[in-house]
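Chemist: Count along the sequence shown starting at 1, add 33, and that's the number in my numbering.
We put the CB at the ideal spot given by N, CA and C, even for glycine.
Keep in mind it's a predicted model, so treat the numbers as computed, not measured.
Attaching a single structure in structure tokens format; questions to follow.
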Amino acid sequence: MKPIRILAIGHSYALRVNRAIAREVAKDDDFQVTIAAPNFFQGDLRPVHCEPEPKDSPLAVVPIPTHWTKQIHVFRYDAKSLRQLLLLGQFDGVHAWEEPYIFAGYQIAKAVRQTRGHFCFRTAQSLNKHYPPPFSFFEKTVLRSSKLWIAGGKSVFENLVSRGYSRSKGRIITLAVDTAAFKPHTEPLRLQVRQELGLDAPVIGYVGRLVPAKGLRVLMKALEGIEPALPWSLLLLGSGPMQAEIEQWARRRGWERRVRIHLAKHDDVPRYLSAMDMMVAPSQTTRNWKEQFGRMLIEAFACGVPVIASDSGEIPFVVQDAGIIAPEKDTSAWRRGIEQLLASASLRDALRRKGFARVREYSAAHVAGQFRGFYRELVHG
34 MKPIRILAIG
44 HSYALRVNRA
54 IAREVAKDDD
64 FQVTIAAPNF
74 FQGDLRPVHC
84 EPEPKDSPLA
94 VVPIPTHWTK
104 QIHVFRYDAK
114 SLRQLLLLGQ
124 FDGVHAWEEP
134 YIFAGYQIAK
144 AVRQTRGHFC
154 FRTAQSLNKH
164 YPPPFSFFEK
174 TVLRSSKLWI
184 AGGKSVFENL
194 VSRGYSRSKG
204 RIITLAVDTA
214 AFKPHTEPLR
224 LQVRQELGLD
234 APVIGYVGRL
244 VPAKGLRVLM
254 KALEGIEPAL
264 PWSLLLLGSG
274 PMQAEIEQWA
284 RRRGWERRVR
294 IHLAKHDDVP
304 RYLSAMDMMV
314 APSQTTRNWK
324 EQFGRMLIEA
334 FACGVPVIAS
344 DSGEIPFVVQ
354 DAGIIAPEKD
364 TSAWRRGIEQ
374 LLASASLRDA
384 LRRKGFARVR
394 EYSAAHVAGQ
404 FRGFYRELVH
414 G
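Following this line, the structure appears as structure tokens:
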């Protein structure tokens, strides 16, 4: 029997770290998996060039020229290159990791029509939005073209079914973490990272963009109320428009030596994450956004780092009882949760064990099993 030929295409695939699920799928001889990604993309944190796969990887990676990558809603793949890839590849299934309402998602769906491949897409739309033309047209076209669709979480699935997406065609498959890359580090290695950064334990960590929607002002207010006798340092892994505000806040409080902002390469994130004693994810629901999943949560679980997170969007479904959930805007609750973990090594250890056990559900190997079943259903019905 011939292997199932799958093309998975999306701008997130430009980064090697985001291909862990596809890599696991391709380890099965029943599948041949090709990854297509922009040869260059203007990412949220930095410009990204399509990274090569390791020499022993089972994946084939095809970089495609792209245009207008600073505007996610209208960015596009080079039409000729995309068409050639689809026609020459003779794929059984084409999986778009682009939202259905953006031009790139519409472009892929339209191009697949000229082939024999079955089309599907993955979405993380967790808010009930109605898009103006032409984006509403893009979404409708993608829906008509798809045999199946994937929701990135329970809240995403229910939101989109309520908007008219077919319940029978929808499947819930979450993101995953590469547990070969994200794993606990030894205490000497954790100490080494803290010394490089000039931070003393215990370290409160944050991973993501430095923007108001991620709840950094709630975090700052909570930290101002921490019991003075409790030692702590703050490591913010990321960049964004709030960087200057955070640095000014630290200077006003006399905390320059205990607050660090560091932009790490994606491959280095596990090293810095493992040096944290807790990770905070104070995401805030806004009119246009709420947390769609929270990949940093499962990465923290895999690294053995206890988590405090808000109740925004999908977060409670991901964390469940493996971390502390605090109401989004309740700075007092955030202060109390952080103080609890700072004061109790035994509580940190208990949450570390719970998170490490829960991450099995989100491992790349486990989620890849779900995708294999999904791709078989996509191609064979």
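#1: Within a Cβ cutoff of 8 angstroms, which residues of the same chain sit near residue 120, ignoring the five residues on either side of it in sequence?
#2: For residue 232, which of helix, strand or coil comes out of DSSP?
#3: Cα separation between residue 54 and residue 396?
#4: With DSSP run on the structure shown, which of helix, strand or coil describes residue 163?
#5: By DSSP, does residue 326 sit in helix, in strand, or in coil?
#6: Decide if residue 447 is buried, meaning its Cβ has at least 16 other Cβ atoms within 10 Å, or exposed.
#7: Anyone know if the C-beta pair for residue 43 and residue 131 falls short of 8 angstroms?
#8: What residue range does the beta strand (DSSP E) around residue 392 cover?
#9: Going by DSSP in three states, residue 266 sits in which element: helix, strand or coil?
#10: Pop quiz: residue 388 and residue 350 are said to be a contact at Cβ under 8 angstroms. What is the actual Cβ separation, rounded to whole angstroms?
#11: I need the straight-line Cα distance from residue 141 to residue 412, nearest angstrom please.
#12: Who are the near neighbours of residue 202 in its chain, counting only those whose CB is closer than 8 angstroms to its CB and skipping five residues on each side?
#13: Where DSSP assigns a beta bridge to residue 203, which residues make up the other side?
#14: Do you know offhand how far residue 162's Cα is from residue 229's?
#15: Mind checking which residues open and close the beta strand (DSSP E) that includes residue 311?
#16: What would DSSP say about residue 105, mapped onto helix, strand or coil?
#17: Using DSSP bridges, identify the partner residues of residue 126.
#18: Hey, residue 256 and residue 293 are a contact pair by Cβ (cut 8 angstroms); roughly how many whole angstroms apart?
#19: Please determine, among 135, 414, 337, 325, the residue with the shortest C-alpha to C-alpha distance to residue 217.
#20: Measure the alpha-carbon distance for residue 3 versus residue 356 and round it to whole angstroms.
#21: Under a three-way DSSP split, which group does residue 238 fall into?
#22: Taking only the alpha-carbon atoms, compute the straight-line gap between residue 49 and residue 78 and give it to the nearest angstrom.
#23: Measuring CB to CB, does residue 159 end up less than 8 angstroms from residue 189?
#24: Does the count of Cβ pairs from the segment 377-387 and the segment 312-322 closer than 8 angstroms reach three?
#25: List the endpoints of the continuous alpha helix (DSSP H) containing residue 299.
#26: Taking the alpha-carbon positions, what's the residue 63 to residue 83 distance?
#27: Mind checking whether residue 97 and residue 135 have CB atoms under 8 angstroms apart?
Modeler: Answer, in terms of the structure:
#1: Answer for residue 120: 147, 148, listed in chain order.
#2: DSSP, reduced to helix, strand and coil, places residue 232 outside both helices and strands of the structure shown, so it counts as coil.
#3: Going from the Cα of residue 54 to the Cα of residue 396 covers about 9 angstroms.
#4: Coil, per DSSP.
#5: Three-state result, residue 326: coil.
#6: Here the chain covers residues 34 to 414 and nothing more, so residue 447 does not appear.
#7: Yes.
#8: For residue 392, there is no enclosing beta strand (DSSP E), as DSSP marks it with neither H nor E.
#9: Note: residue 266 maps to strand in three-state DSSP.
#10: That belief does not hold up - the Cβ atoms of residue 388 and residue 350 are roughly 15 angstroms apart, past 8 angstroms.
#11: Separation of residue 141 and residue 412 (C-alpha to C-alpha, rounded to the nearest whole angstrom) is 17 angstroms.
#12: These residues qualify, in order along the chain: 179, 180, 181, 182.
#13: Bridge partners of residue 203: 182.
#14: Approximately 45 angstroms between the Cα atoms of the pair.
#15: Residue 311 -> beta strand (DSSP E) spans 311-314.
#16: Coil, per DSSP.
#17: Paired residues: 39, 151.
#18: Their Cβ separation, rounded to whole angstroms, is 14 angstroms, which puts residue 256 and residue 293 out of contact at 8 angstroms.
#19: A check of alpha carbon separations from residue 217 across 135, 414, 337, 325 identifies 337 as the nearest.
#20: An answer regarding residue 3 cannot be provided, because it is not within the stretch 34 to 414 covered by the chain.
#21: Note: residue 238 maps to strand in three-state DSSP.
#22: Each residue's alpha carbon lies about 16 angstroms from the other.
#23: Note that the C-beta distance between residue 159 and residue 189 is below 8 angstroms.
#24: Taking a cut-off of 8 angstroms for Cβ pairs, the segment 377-387 and the segment 312-322 do not touch, as fewer than three such pairs fall below it.
#25: Residue 299 -> no alpha helix (DSSP H), and no H or E assigned at all.
#26: CA-CA distance, residue 63 to residue 83, rounds to 27 angstroms.
#27: Contact: no.
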